[in-house]
Structure formats: C-alpha cells, structure tokens
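Every number in our numbering is 8 more than the matching position in the first sequence, counting from 1. Ideal placement from N, C-alpha and C gives every residue a C-beta, glycine not left out.
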Amino acid sequence: MINKTPRVRFAPSPTGYLHVGGLRTALYNYLFAKKNGGKFILRIEDTDQNRFVEGAVENLIETLNWVGLEYDEGPNKEGNVGPYFQSQRLDIYKKYADQLVEQDNAYRCFCSPERLADLKEQQQKAKLPQAKYDKHCLHLSKEEIKNNIDAGISHVIRLNVKAGESVVINDIVRDRVEFSREVIDDQILIKTDGYPTYHMANVVDDHLMGITHVIRGEEWLSSTPKHILLYNAFGWEIPIFAHLPLLLNADRSKLSKRQGDVAVEDYKSKGYLKEALINFVALLGWSTTENDEFFNLNDLIEKFTLERVHKAGAIFNVEKLDWINAEHLRKLEKSAILKMLRENLAESKYKDLNYTDEYLLLVIAAMLERVSFVKDYIDNSPYFFERPTTYDEEVIKKRWKEDSVQLLEKYIIKISHLENPKKEDFEIALKQVAEEAECGAGRIIHPLRVATSGSGIGPGVYDLLFILGKDEVIARINNSLEVIPEIKAKLG
RNA sequence: GGCCCCUUGGUGUAAUUGGUUAACACACCGCCCUUUCAAGGCGAAGAGUACGGGUUCAAGUCCCGUAGGGGUCACCA
C-alpha cells in the first residue's frame, strides 16, 4: 500500500454550488495528489433523487476549473474506473449489496416509514440513549421475504451490525478514534428506490476506484465506523483516512449561508482572485513550518502534507482574505489585471467608452498599491474614466486657498506650451509656477488634485496629470474653476 | 440526551515530540516615509496556552477530571 501511487477523490453531491468548505476539501485532496504524484478524481454523489438540481454538476465543474483544481479523472474525463456519476452505477451497488445479504452482513427490511417513526418515538419516550433500528426484519425467513417481495412490499437493505469488538479508525489528523459497536446503527445501504445511500456507494466506489486516501470533512467521522464495517465485510483493504477540521462562522458554528457567503461563486463575483481564495482556504487548518503565508498553487503543492493539518475548526475570517487578495493582486501580471479590468469596465457605466491598453496599463500601475480588488480601480479612481462630477468638499475646505484660482491659471499657461509632456515635465512646470509665485509646491499640488480628480486622495499628482494628458488636464482645471470657487464660497 | 472530535492573543496558526522572557501573520493603535492616500519600514498593545488537579528538576506539550464549543445520531450527502 505504501508503494501504491495515491489516488484521492473529491466527491461532492451536486446541490447547486461549490461550498468554500468543499473547496478546501477539494484543494487538500488535489494538493496531496499532486505532491505525491497521485491522481485526483472527481466523483459526483448524486444518489438522492429528491435533491436533483438542474445544472449543478456543470456549475460545480466550472467552479473547480475556475480555481484551477483540474481533476485527472471524472465527468467528461473518463479513466478506466468510471462512470463517475453514482447514479450511473446502480447495478454495481445492487450486486455488492446482494453479496452482503448473501453473507449475512446485510438484510432486507420491509418496515414501513410509519413503523420506523413509531419505533423512534417509543425509544425517545423510553429515554433510550440512542435511537436505533431494532433489527425487526433481521430474522425474516426466506419465505417471508419472498412473499413480501411478491406482494410488492418495498424494502431496503440494511447493514447488519453484529456484536463484537470496537471499531477503530486510524486517521492521519486525529490518530486513533474508537467506536463501540453498540452505537453503530443498522444503516440503510440501499433505499427503496434502488439507490444506495452515501455509506454504501462511497465504500464501494472508493474501493472500485482504487482510492488510497479518503480526505473529507470531519462531519463524516462518526459514520466512518459503518464504512469500516463494510470494508471488512467485503474483505477490502481500508483506505487511509484524514478527517479535516470544519470551517466555522464567527460564532464557531458550522459555516452556513445565513451568516455570510459560503459559495465559491459568491466570492468570485465579489471580485476575489482565485489565487487569493486558494491561498486563504489552504491556511484554514493547515500551516507550514515557515512563517510565510503567501503561496500560489505550486508553492502549496510543494509544501503540503496531511500531517500538518490542524485538528480544530477554523473561523472563516474575511479580513485576512481581503489582505491576501490585495497581496495576490499586486503580484499578478499587469496583462492579467488589464484583462480583468476590461471585464469590469464592460459591466460598469463606462462600458461604452474605449480605452487603449496603454492608458489602462498606466492606470493599473499608478493605482496598484491602492487597490485590493480589480473593481477598486473603478470605484476608487473613477476620475480616470470620467471627468469629476463632484468635488470633495472636505478637501476644498482644507486645501483651496484665495490664490488657488490664480495658481492654477498660471499652471495652465505654463503647461499649454509643452509638447507631449512627460510626468517630469508636469513636475518641472509646477515647481516653476511655485517658484515664481514664491509659494510651496503643496499650495498648487492639492488644489490641482481636486481640480482634476475631484478627490483628495489618489496616486501621485504627476502620475495623475501625465495619465490624463495635457489637454484633459487643462480642460478639467477650467471646468473646476467654474464650480470650485462657488463651493468654497458656500462653505465659507 | 448517547457517541465522537476539539480548546494557544479578537482571527488564522507556530512552538526542535517536556527545556530560556509562548513565535509569526491578519486586524487594531502609534511613528517614519510621501506636501495626498495607499504600499512599505519601524514599534506598541494584546494570550501565560479553557479551568482544576497530578507526574516531573522542568508541562502549551504527558495523565486524570471538569467546563465550554462543535459534529453526528435520515430511505441527505
């Protein structure tokens, strides 16, 4: 087993979207596979007919592709252990369930939902520690069973948990966990509709698909003994388990929709980078020995080990995600940002305007240290895409002086003679005006910034002026001179 | 309620498998840089490791108990 190449799987049920907890599980599986030269398999657990969601699988795969977790085998990428949809493997489960019945490790149960409900109620009334099936159908004779089937009474197949030694789980993150067989219920393996339950399908598939390591959320820990009993009944080798800590809300309950976004798509549409999401989610429950926390996918593959997965649940802290997002944004290729900025612009009110790559690249560079998200380029510096429609009154109050109008007029005159001024030329011109007027540069810089951008914050003024260009700068100053003095007067 | 898991600053995590004043990052605060903002740099504050016992020369690390939180007890996964 040690020498086998690892095969791991991410086995979500297609409920409509990819949960960030699912993303983390998928990521750890992926990292483990890649790190160890193994295979990462995607299997769709669609055995609940009632929970069918149109388009969910497509959406899931699309999201997985977006974050870059490419699977080696799965839907539309058949290996030789498919199909990868459990709904297409019904005959397989049936065959193995029959085998179990044959071996007395499982039995047919004809109990009606009503009887089951009554039983549960009685057990609760009796204050039994745990509600369990009472094995009522275990001792049905062959004839009774045949009669029932002939009579068209629907039935399920249940696991026959026999008395015996405790079931021990060896788990990479939790070491050793032991369950008494008394607390293990006779789990339904095949439902009346012929579909398997998770427990049955998951064990059969993991075995048939050659899964060596089962890496999944902690919520599965307490049903793992049932799975082990199944492996034993079949005489199959038990895979190595790794139960991952849960992702939590701020109040430490299991991460839920009610308390914030849980779908990867939500974060995507909010403008988070896939690099940031991956990096952040990787750090929820896992760490390196080093102090570094900025990683791309390849770094993670290189560093990841299951042994360093933490045991306790982790709160999903968006503030840190934001920081990581900004960090990744700054390290991205400018061309990649350009592409995203164009997409953002196309969905903004500036969608009908045309900008050259050259222009946008200048904006990107100038604002890079001032943004955390691509959309911030538009939200934080709209003045690169349209003339100021308003002017920040706080800034006017503080920075606009009696001589501002005059200084800006002088600046216009000074730069109007320049041909294709560069950033430095705007600076030299400003210094000259300041010198001639015998005032500090700041006396011009601040009014100039509000006049051209409407704002008191932004990139260096000379960058701002250069990016806007001489003609635009002059036009904007002229516009501002018509309205800012009035605002100033009104403010007193 | 039964069973199982977990418990280090506000948050995410470290701490050579018992060995100096418990480290790093995010957030927060201050300073520097910048005539803006941000980024960056520097620094501060913040936990004595849930609590209580024990073992030991020595415990966040081992043992026992308690408390709290979480998961799970479906013909859902």
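When you compare the CB positions of residue i and residue j, do they come within less than 8 Å of one another, or not?
i      : j      : result
Leu281 : His207 : no
Asn168 : Asn113 : yes
Leu308 : Ala290 : yes
Asp400 : Val491 : no
Arg166 : Asp142 : no
Asn37  : Arg15  : no
Leu292 : Leu255 : yes
Lys383 : Thr220 : no
Tyr104 : Val212 : yes
Ser389 : Gly466 : yes
Tyr419 : Ile452 : yes
Phe312 : Lys135 : no
Leu376 : Arg350 : no
Arg395 : Arg316 : no
Ile153 : Arg116 : yes
Ile246 : Tyr101 : no
Name the two residues that bound the continuous alpha helix (DSSP H) containing residue i.
i      : result
Leu127 : Pro121 to Lys133
Leu252 : Element bounds for Leu252: not the alpha helix (DSSP H) but the beta strand (DSSP E), Ile248 to Leu252.
Val65  : Ala64 to Val75
His454 : Gly450 to Ser461
Gly29  : Val28 to Lys43
Ile423 : Ser412 to Ser424
His144 : No alpha helix (DSSP H) holds His144; DSSP gives it neither H nor E.
Ala437 : Lys431 to Ala445
Val272 : Val272 to Ser277
Ala171 : Note, Ala171: premise wrong, no alpha helix (DSSP H); not H, not E.
Phe288 : Lys282 to Ala290
Glu151 : Lys150 to Asp158
Gln107 : Leu98 to Glu110
Ser404 : For clarity, residue 404 is Ile in the given sequence; the question names Ser instead. Glu401 to Arg407 is the extent of the alpha helix (DSSP H) around Ile404.
Excluding five sequence neighbours on each side, which residues of the same chain lie with their C-beta closer than 6 Å to the C-beta of residue i?
i      : result
Ala320 : Pro253
Met9   : Since pLDDT at Met9 reaches only 47, below the 50 mark, its modelled position is unreliable, and no value is offered.
Ala19  : Arg51 and Glu53
Gln267 : Asn257
Gly30  : Pro20
Val175 : Phe187, Pro233 and Ile236
His215 : Trp244
Thr55  : Gln94, Tyr203, Pro204 and Ala209
Ser463 : Asp400
Glu480 : none
Gln131 : Ala139
Would you kindly report the start and end of the unbroken beta strand (DSSP E) that includes residue i?
i      : result
Leu197 : Ile196 to Ile198
Glu186 : Asp183 to Phe187
Arg166 : Val164 to Leu167
Ile482 : Element bounds for Ile482: not the beta strand (DSSP E) but the alpha helix (DSSP H), Lys478 to Leu499.
Asp387 : From DSSP, Asp387 is part of no beta strand (DSSP E) but of the alpha helix (DSSP H) over Asp384 to Asn388.
Lys47  : Lys47 to Leu50
Tyr115 : Ala114 to Cys117
Phe18  : Arg15 to Phe18
Within the same chain, show all residues whose beta-carbon is closer than 8 Å to that of residue i, passing over the 5 residues directly before and after it, in chain order.
i      : result
Asp80  : Ala41, Lys47, Phe48, Ile49 and Gly87
Gln107 : Phe242
Glu273 : Tyr25, Leu26, Asn67 and Thr71
Ile177 : Arg184, Val185, Glu186, Phe187, Leu229, Thr232, Pro233, Ile236 and Phe249
Leu305 : Gly76, Glu283 and Ile286
Arg182 : Leu229, His251 and Lys319
Trp294 : Tyr36, Phe312, Arg316, Val317 and His318
Beta-carbon within less than 7 Å of residue i's beta-carbon, same chain only, minus the 5 sequence neighbours each way: which residues are those?
i      : result
Asp179 : Val185, Phe249, Ala250 and His251
Ile495 : Tyr399, Glu401 and Ile404
Val413 : Leu489 and Pro493
Leu127 : Asp142
Lys422 : Ala437, Gln440 and Val441
Ile332 : Ala284, Asn287 and Phe288
Leu499 : Glu401, Ile404 and Lys405
Relative to the ligand ATP, is the shortest distance from any of its heavy atoms to the C-beta of residue i smaller than 7 Å?
i      : result
Arg350 : With respect to the ligand ATP, the structure shown offers nothing to examine, as it has no ligands at all.
| Contact between the region 223-232 and the region 114-125: three or more CB pairs below 8 Å? | For the pair of segments examined, the region 223-232 was found not to touch the region 114-125: the number of CB pairs separated by less than 8 Å stays below three.
| said: Could you check whether the region 60-77 touches the region 18-25, counting it as contact only if at least three pairs of C-beta atoms, one from each stretch, sit closer than 8 Å? | reply: Yes, the region 60-77 is in contact with the region 18-25.
| said: I'd like the ranges of any alpha helix (DSSP H) spanning at least 4 consecutive residues and lying wholly in the region 307-353. | reply: For the alpha helix (DSSP H) assignment, the uninterrupted runs of no fewer than 4 residues enclosed by the region 307-353 are, from N- to C-terminal side, 326-339.
| message | Could you check whether the region 361-377 touches the region 474-483, counting it as contact only if at least three pairs of C-beta atoms, one from each stretch, sit closer than 8 Å? | response | Because the criterion of three Cβ pairs below 8 Å is met, the region 361-377 and the region 474-483 touch.
| Quick check: the region 355-364 against the region 427-443, are there 3 or more CB pairs under 8 Å? | The region 355-364 makes no contact with the region 427-443, as fewer than three CB pairs between them are under 8 Å.
| query | Would you call the region 211-231 and the region 133-148 in contact, with 3 or more CB pairs under 8 Å? | reply | No, the region 211-231 is not in contact with the region 133-148.
| said: Please give the ranges of any alpha helix (DSSP H) in the region 208-270, keeping only runs that are unbroken, at least 4 residues long and fully inside the region. | reply: Scanning the region 208-270 from its first residue to its last, the whole alpha helix (DSSP H) runs of 4-plus residues come out as 232-242.
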